[in-house]
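Below is one structure, written out as structure tokens, with a few remarks after it.
There are 2 protein chains.
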Amino acid sequence: MKQSKLFGKTTYEVPKDEVSKNAQLLIRGGFVDKLMAGVYYYLPLGRCVLSKIENIIREEMNAVGGQEILMSALQKKEDWVKTGRWDVDVMMKIESNLDKEFGLGWSHEEAVTPLAQKYVKSYKDFPFSLYQIQTKFRSEKRAKSGILRGREFLMKDMYSFHTSVEDLDKFYLEAKEAYFKVFERAGLRDKTYYTYASGGDFCKYSHEYQTLTEAGEDHIHICDKCGIAINEEVMGDLERKCPECGSSELREEKAIETGNIFKLMNRYTDPFNFKFQDSDGQEKNVMMGCYGIGLSRLMGTVAEVLSDEKGIVWPKELAPYQVHLVSLGNGDEVKTKAEEIYKSLQEQKIEVLFDDREESAGVKLKDSDLIGIPLRIVVSAKTLDKNAVEIKKRSEENFEIVETDKLQEYLAENL
Amino acid sequence: MKQSKLFGKTTYEVPKDEVSKNAQLLIRGGFVDKLMAGVYYYLPLGRCVLSKIENIIREEMNAVGGQEILMSALQKKEDWVKTGRWDVDVMMKIESNLDKEFGLGWSHEEAVTPLAQKYVKSYKDFPFSLYQIQTKFRSEKRAKSGILRGREFLMKDMYSFHTSVEDLDKFYLEAKEAYFKVFERAGLRDKTYYTYASGGDFCKYSHEYQTLTEAGEDHIHICDKCGIAINEEVMGDLERKCPECGSSELREEKAIETGNIFKLMNRYTDPFNFKFQDSDGQEKNVMMGCYGIGLSRLMGTVAEVLSDEKGIVWPKELAPYQVHLVSLGNGDEVKTKAEEIYKSLQEQKIEVLFDDREESAGVKLKDSDLIGIPLRIVVSAKTLDKNAVEIKKRSEENFEIVETDKLQEYLAENL
């Protein structure tokens, strides 16, 4: 992609009411645009990052046997009345000329449970898990955290169905590991803790993935020995001790919930009277788990956590492009060489953003840092004399001079 | 994918209120499930078809320089008041505990125009085109056409911006051809006509892509000489003559609008006072075009048009899988051979659905026709004696016996 043609320019102005670091960086880098509090548009660069996240999540959910579906945002009142969640605060309801009442799903237990019930009767059909990447709506009063807490946002929600608690436990562990793989690939694994949190009335604890950041609204207590954490909300129940080793040496940190997994047991299958026929002919309760991760929140967390004073430092698998090719100066030789490298990279199927704009070196390098593509190749008269380009990784301070003949080899080793 | 594990079974029952052929076939094949009138869930097979359609559309829009973005369903009242479209019937409005009024976008001119305006000032920034694949909401009173007319549906909407009518005209022709490519790949090209339709107050005509089907709500008049059509609604303006050759030899057909392209001119840029500075320093009007295609409607149209009494006949590029591998009989030899072929196809990266269920031959072959995957490979004792399998294309009556040694070669030629 040529940057001169890219829609959504870098900017040094952000809306006055935009207090969150993630939205400031993402707006300045040309990734998102703010429509109103809690509602953002994804510009081409941001849409590209979202697609990368979608693909990672699809791969990891498919790997544990999740089957992708797509449910609707529009929901029937009667299903949500059954579970007692129709009148919760976050539910947006629809005013229309139709004689029915609809709400907009802010989670999809009330959708997926009767759906599963329609198709599944026998123990032979279990276990199975369904997921979707879909837009959620929540009437959030506080919506000041950029894309960390949206009124409309993209979420992956998976639901698993089992004939026993043991089988649910087994899948829960697989899902736990799948989530760690997602955070690993998103560059957040080091700062993300598997965290004991409230389980509601139906199971002792749920588990959150909490990523350390000052922007987080949660307080967690980390046991460094076990590498896990406890959400403040359940510290009392645990007598302020690590549930795994019993140690009371815990350190408190601020964090944001970037994922959560929950043994719902029969919390939602019961209201729909969703049972199965077991091999002994008996009708038994269906056990259920749910596994959520906000795609836009994950993107916002990366912007919060993996950034420096110059801009975002995208991890390789989330970066909108792998290479930022920047030409400096307007000499014909530089322009020709840069175009030549651009074509060569495209032929090699390397995702490249080519800054072909007629801007000063200062502006171009500053923009490049702001956008945060992992590897930058600078073509300028200075190094062209030596038939070379200057390469700098966004995450490192130093740069290297690489001969253009050896560029392909360099990229094969460094991308 | 093993069919025994696939969520969403084929069924011979459909909801009593489901009168449309597309929804009946798609529900029976396990592609979609009906939540309520105009609102459907996409099960794994249906989600897979939607993804294929998404990819085709992305490729063809990218090929004409479209840049993918993602705007929100939630919309600000003030932008829609400006264009006079806030109080139209199809707009669903939100009731919530927030002190703001929101609507749900049923088209996105009111979203994309102020967005483009924010980032673009000079003639140098033109032309450009933005598109999204996004969920639309419409308060449709008539919602009896299955996924052809949804209250919630997936749409690709592209918008182009230009400094002159001539430049808009030029892009319009490129978009026209891109649309034909989409219909070609979706298997609908032969039955789809470029159709003159009403242009509203701002341009003489818009153009629809009308696909012939009894399920269509439109009446079009085809000029076979030119290969174009005229929507009934503008026949009067055209004095019942072909606008291209002047012939009055037209034949009337029922059709469904599967796409439309529209020169909006300054219909939406004016209310936002979106102007650009030209090379002569003057402020001038921005010209705009829009290009829509409903993904779910396209899928429904394929189900209507490319089907026979047995079920859907998916075109290659839309089929959820390329091969349906079906084992018949429960003999160990058959099971082992089928598993072996399944693994081999997976290793060759061929998308395969493997019917490994313990059902009768009659049920399995009937289900296979209903699902409609282009190529079926049957493994049974009958042909295994000859070290062969039986292959049948869904679109043809005859089958072939192919030696298992030559299967790879056969598939390389026939997929």
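Sequence lines, in order, name chains A and B.
If you number the first sequence the way my numbering does, the last residue is 415 and the count never jumps.
If you number the second sequence the way my numbering does, the last residue is 830 and the count never jumps.
Every residue, glycine too, gets a C-beta built ideally from N, C-alpha and C.
Only a predicted model underlies this, so the values are computations on that prediction, with no experimental measurement involved.
Excluding sequence positions up to five before and after B/K764, its CB lies less than 7 angstroms from no other CB in the same chain.
Under the Cβ criterion (8 angstroms, minimum of three pairs), the region 307-320 of chain A does not count as touching the region 333-343 of chain A.
Proximity of chain A to B/I484 at the Cβ level (cut-off 7 angstroms) is accounted for by Y41, Y42, L43, P44 and R47, in chain order.
Each of B/M650, B/E599 and B/S466 was checked against the Cα of B/K619, and the nearest Cα belongs to B/M650. Interface residue (Cβ-Cβ distance to chain A less than 9 angstroms): B/F543 is classified as such. For B/S742, there are no C-beta contacts with chain A under 8 angstroms, since the nearest C-beta of that chain is about 18 angstroms from it. Residue pairing for B/Y534: DSSP places it in no beta bridge. Across the set B/L740, B/K678, B/E581 and B/Y574, the C-alpha of B/K678 shows the shortest separation from the C-alpha of B/F617.
Membership of B/L780 in the alpha helix (DSSP H) is indicated by the continuous run A776 to I786.
A check of alpha carbon separations from A/R47 across A/M61, A/G103, A/F31 and A/L298 identifies A/F31 as the nearest. Under the 9 angstroms criterion on CB atoms, B/R566 is classed as interfacial with respect to chain A. By the rule that beta-carbons nearer than 9 angstroms mark a contact, A/A381 does not touch chain B. Of all residues in the region 178-209 of chain A, none places a beta-carbon less than 7 angstroms from a beta-carbon of chain B. In terms of beta-carbon proximity, B/I676 stays away from the interface with chain A, with every pair separated by 9 angstroms or more. Per the Cβ contact rule, the region 115-129 of chain A is in contact with the region 158-167 of chain A (3 or more Cβ pairs under 8 angstroms). Residue burial is scored here from C-beta neighbours: B/Y736 has at least 16 other C-beta atoms within 10 angstroms and is therefore classed as buried.
Using a Cβ-Cβ cut-off of 7 angstroms, B/F422 is close to Q67, Y119, F128 and L130 of chain A, given in chain order. Distance from the Cα of A/A215 is smallest, within the candidate group A/A255, A/T192 and A/L238, for A/A255. The Cβ of B/E818 sits no closer than 9 angstroms to any Cβ of chain A. The three-state reading of DSSP puts A/A111 in helix, counting H, G and I together. Within the model, the alpha-carbon separation for B/N813 versus B/I788 is close to 16 angstroms. Spanning the alpha carbons of B/A593 and B/V738 requires a straight line of approximately 28 angstroms. Excluding its 5 nearest sequence neighbours in each direction, A/I69 has C-beta neighbours in its own chain below 6 angstroms: L130 and Q132, listed in chain order. At a Cβ-Cβ threshold of 9 angstroms, A/V326 and A/R376 count as neighbours. For the options B/L513, B/V804 and B/R566, the alpha carbon positioned closest to that of A/E140 is the one of B/L513. The region 487-498 of chain B and the region 115-125 of chain A do not touch, with fewer than 3 CB-CB distances between them shorter than 8 angstroms. Taking one beta carbon from each stretch, the region 284-303 of chain A and the region 246-260 of chain A have 3 or more pairs nearer than 8 angstroms; the two touch. In terms of Cβ geometry, B/E524 and B/Y683 form a close pair [threshold 9 angstroms].
Rounded to the nearest whole angstrom, the CA to CA distance from A/K275 to B/A776 is 30 angstroms.
Along the region 488-504 of chain B, the positions whose C-beta sits under 7 angstroms from a C-beta of chain A are A488, L489, K491 and D504, read in chain order.
According to the DSSP assignment, B/M476 belongs to the alpha helix (DSSP H) that extends over P459 to A478.
Pairing B/Q418 with B/L768 gives a Cβ-Cβ distance under 9 angstroms.
Taking C-beta separations shorter than 8 angstroms and ignoring five residues to either side along the sequence, the partners of B/D820 in its chain run N802, following chain order. The DSSP-derived three-state label of B/M714 is helix.
Under the three-state reduction of DSSP output, A/K275 falls in the strand class. With respect to chain B, the C-beta atom of A/T336 has no partner C-beta closer than 9 angstroms.
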